[in-house]
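A.B. asks: Residues 1 to 179 (the UniProt record's numbering) are what the sequence shown spells out, left to right.
Each residue gets a CB set at the ideal place from its N, CA and C atoms; glycine is no exception.
I am attaching a structure below and will ask some questions about it afterwards.
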Amino acid sequence: MARITTPVPGYSGPGPAGVMFQDGVGHSDDQAVIDYCRGAGYGIDEEPPRRETPQVPDPREVTTVVVGAPARDAAVDPSPADFRPPVNAGEANPHGPQVWAPGLPGGGLQPTAPPADSDEVTSGTKENEGGPDVPPPAQNAPVAEWRQWVISTQVDNDPEVHAQVEKATKAELIKKYGG
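See below:
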């Protein structure tokens, strides 16, 4: 049976292949375990364990690798392609009270994606036909007010469409007709 000494002086606990160490010393008669321990720096019998001194890397030789795209803060460096960029982005102190995210706090349902192409959104609406340009009600307005606005400004005088509008929830009206 070979006496195995741990590279960490005084270690007590499990080691390779279930060898139990007590105060840095364990025993095994398995030649594969002994060979593994010898290669991993453990001391075998009277041979002391190899204790490698870690080498401190020279900071002049250490390089950094950037992974991914650099982060861009839309409040500091807004881009025309940003969907719902912060209000006053790029114009005021990005950490001050003049810059805030649109729709906060709790402004009701908020869109999570840019609107569809303008051709898809405006086709068949009264606005497209020269109808009045009345702004939508506030998002916290009652559903009856939303239905009245949609019927009077957004859809044609078709009884079937009006019936669909009357059945729709406020969230559906906001999603479909804006707000």
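Given a threshold of 16 other Cβ atoms within 10 Å of its Cβ, counted over all protein chains shown, does P137 qualify as buried or as exposed?
C.D. replies: buried
A.B. asks: If you compare alpha carbons, which of Q55, P94, S152 is closest to A74?
C.D. replies: P94
A.B. asks: Short of 8 Å in beta carbon distance, which residues of its chain neighbour G10, apart from the five on each side in sequence? Order them along the chain.
C.D. replies: D23, G24
A.B. asks: Verify whether the separation of the beta carbon atoms of T97 and V87 is less than 8 Å.
C.D. replies: Before going further, note that residue 97 is Pro rather than Thr in the sequence given. Taking 8 Å as the Cβ cut-off, P97 and V87 do not qualify as a contacting pair.
A.B. asks: Taking Cβ positions, are I4 and G43 nearer each other than 8 Å?
C.D. replies: Yes, the pair counts as a contact, with Cβ atoms nearer than the cut-off.
A.B. asks: Is it right to say A32 is buried, meaning 16 or more other beta carbons lie within 10 angstroms of its own, or is it exposed?
C.D. replies: exposed
A.B. asks: Output the residue ranges of the beta strand (DSSP E) runs that lie fully inside the stretch 16-102 and measure 3 residues or longer, sorted by chain position.
C.D. replies: Note on the stretch 16-102: whole beta strand (DSSP E) runs with a minimum of 3 residues are 25-28, in chain order.
A.B. asks: P14 by DSSP, collapsed to three states: which one?
C.D. replies: strand
A.B. asks: State the start and end residues of the unbroken alpha helix (DSSP H) segment that holds A168.
C.D. replies: Unbroken run through A168: none, as it is neither H nor E.
A.B. asks: Assuming A144 is part of the alpha helix (DSSP H), what are its boundary residues?
C.D. replies: Where A144 is concerned, the enclosing alpha helix (DSSP H) stretches over 143-149.
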